[in-house]
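**Q** Could you have a look at this structure, given as C-alpha cells, before my questions?
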Amino acid sequence: MTRNLNEVLLCPKRLSWKTPSFGIVLAFGAIILCTNPLLAADPPQRPIEFNEIEGFAKDKLLALTYPINYMCVHDAFDDLDHDGVVAANDSEEHQEEYCAAGIESLLDPAGNPSSQTKILHALVPFFDADFDGEASPPALQADLQALFGFVPDGFDPTPGVPVHCPHPGPPTSQHTGTYGACAMHPMRLDLGPLLNQLGLVPPDTLVLTPLVNHMHLLKNPNEGAQWWKIIVNLVTDQSVWPDMDGTTGITSVSKLEDAQALGQSSGDISTNMYFYLDAKAQAVGE
Ligand SMILES: [Ca+2]
Ligand SMILES: [Ca+2]
Ligand SMILES: [Ca+2]
C-alpha cells in the first residue's frame, strides 16, 4: 500500500505532540511516518477533512481529496472573455477565470490530450425539489425562470435535495460550506457556451453564475491522485437523485447511463474545468 502527495500534505496537521521532553523523539517518529511511502493511512471517514469532498463510484461512498486548487484551461486560440482577442495574445484574459460549460480544451493541465483524461461527473439537480423557485442572486432567479420555466435547485441556496458541494457540515464534513463555494473550487461559472448550444442565448454571450450545487460521480474508486476532467450532467428527474449515503439514485456511471437513456439526465456536457484529486472509498461505505 502506498501513500500519495495529499497524504503527505495532510500529515503535518496530525502532529499535535507538545511535551518538550518527548518532542525530539516524537518529531523524528513523525517524520518517518510522514515520509515513508510504505506506510498507509487509514481509509477516509466522516466527518471528512476540510480539503475533502464526497463522491460516488460503483455504488461506493468516496472521499475526494484536493491537495491543490482547480484549473480552467484556455487553449491558445480560445477567446473565453469574448473580446475578439485570442488567449495567446490576450494577457488580460488570464487575469480573470473563465470556467465554462459547453466547451472543451484540447489538453488537460498536465499537457495530455483531454480525450484521455479521466472523467469526474458533476451531477446538478435540475429540478425544484422544494418548490420554492429560489435562486441567488435574485436577478439570476428571474433569468432562470425565463430560460427554463422553473428555477433549478442547482442555483438554490437551500436546495430541496442533499448535495456534496457546498460542504454539508457535521456529521458528514468538518466544514460547513456556503452557497456557491466548495473546497478548491471556483465560485463562478460561465454557462454562455452551453446556453448558446441550446439556442437560448446568442453566440459569445457571457453568462456568469455562481458555482452550482452538485454531487460527484467517478467511474472507479481508488484510481490514484491525478487531474480529472469535469463533465456536467443535469439530472432532471428527482427520483434518481442520490442520498448522502449513496443508497439510492445515481451512484455509478452505469446508473447514470441508464438515467440518460430514460431521459432522467442530460447528456454529457463538456467543460474546460479540471481538478487534481485523489479518490478513496470511505470506511463508512465499506
Ligand atoms: Ca480574449
Ligand atoms: Ca428550490
Ligand atoms: Ca430552497
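Counting from 83, one number per residue, gives the positions in the sequence shown under the numbering used here.
Backbone N, C-alpha and C define an ideal beta-carbon position, used for all residues, glycine too.
Being a predicted model, the structure only gives us computed values, none of them experimental.
#1: Beta carbon of asparagine 302, beta carbon of lysine 140: below 8 angstroms?
#2: Hey, alanine 361 and leucine 146: beta-carbon distance below 8 angstroms or not?
#3: Which same chain residues, not among the five before or five after glutamate 175, have their C-beta less than 6 angstroms away from its C-beta?
#4: What residues are listed by DSSP as bridge partners for threonine 147?
#5: Any heavy atom of ligand 2 closer than 7 angstroms to the CB of proline 292?
#6: Count the other CB atoms, across all protein chains shown, that sit within 10 Å of the CB of serine 334; report buried if there are 16 or more and exposed otherwise.
#7: Who are the Cβ neighbours of histidine 246 in its own chain at under 6 angstroms, not counting the five residues just before and after it?
#8: Report yes if the C-beta of alanine 169 is less than 7 angstroms from at least one heavy atom of ligand 1; otherwise report no.
#9: Between the C-alpha atoms of histidine 249 and leucine 344, what's the straight-line distance to the nearest angstrom?
#10: Which term fits proline 268, buried or exposed, when burial requires 16 or more other beta carbons within 10 angstroms of its beta carbon?
#11: Leaving out five residues before and five after leucine 282 in sequence, what residues of the same chain have Cβ atoms less than 7 angstroms from its Cβ?
#12: At a cut-off of 7 angstroms, would you count aspartate 319 as near ligand 2, judging by its Cβ distance to the nearest heavy atom?
#13: Along the chain, where does the beta strand (DSSP E) that runs through alanine 263 open and close?
#14: Compute the beta-carbon to beta-carbon distance between alanine 221 and asparagine 133, rounded to the nearest angstrom, for a pair I have assumed lies under 8 angstroms.
#15: On the DSSP letters alone, give me the boundaries of the alpha helix (DSSP H) that lysine 337 sits inside.
#16: Which residue or residues does DSSP assign as beta-bridge partners of methionine 297?
#17: Quick one: what's got a C-beta closer than 8 angstroms to tryptophan 310's C-beta in the same chain, skipping five residues either side?
#18: Would you call the stretch 186–198 in contact with the stretch 207–226, where contact means no fewer than 3 C-beta pairs closer than 8 angstroms?
#19: Would you say threonine 260 touches ligand 3, meaning its beta carbon is less than 7 angstroms from a heavy atom?
#20: In or out: glutamine 346 buried (at least 16 other Cβ within 10 Å) or exposed?
#21: Return yes when the Cβ of phenylalanine 138 is within less than 8 angstroms of the Cβ of glutamine 320, no when it is not.
#22: Keeping to the same chain, check which residues put their C-beta closer than 6 angstroms to that of histidine 156; ignore five residues upstream and five downstream.
#23: For alanine 365, I'd like the list of residues in its chain whose CB is within less than 6 angstroms of its CB, leaving aside the five on either flank, ordered along the chain.
#24: DSSP state of glycine 349, grouped into three classes?
**A** The structure says:
#1: yes
#2: yes
#3: Asp163, Ala169
#4: Glu134, Asp360
#5: no
#6: buried
#7: Ile135, Glu136, Met297, His298
#8: yes
#9: 30 angstroms
#10: buried
#11: Leu229
#12: no
#13: Segment: none, alanine 263 is in no beta strand (DSSP E) and carries neither H nor E.
#14: About 32 angstroms separates the two Cβ atoms, so there is no contact after all.
#15: 335–343
#16: Leu205
#17: Thr199, Lys200, Ile201, Leu202, Leu300, Tyr356, Phe357, Tyr358, Leu359
#18: no
#19: no
#20: buried
#21: no
#22: Leu162, Ala169
#23: Pro125, Gln127
#24: coil
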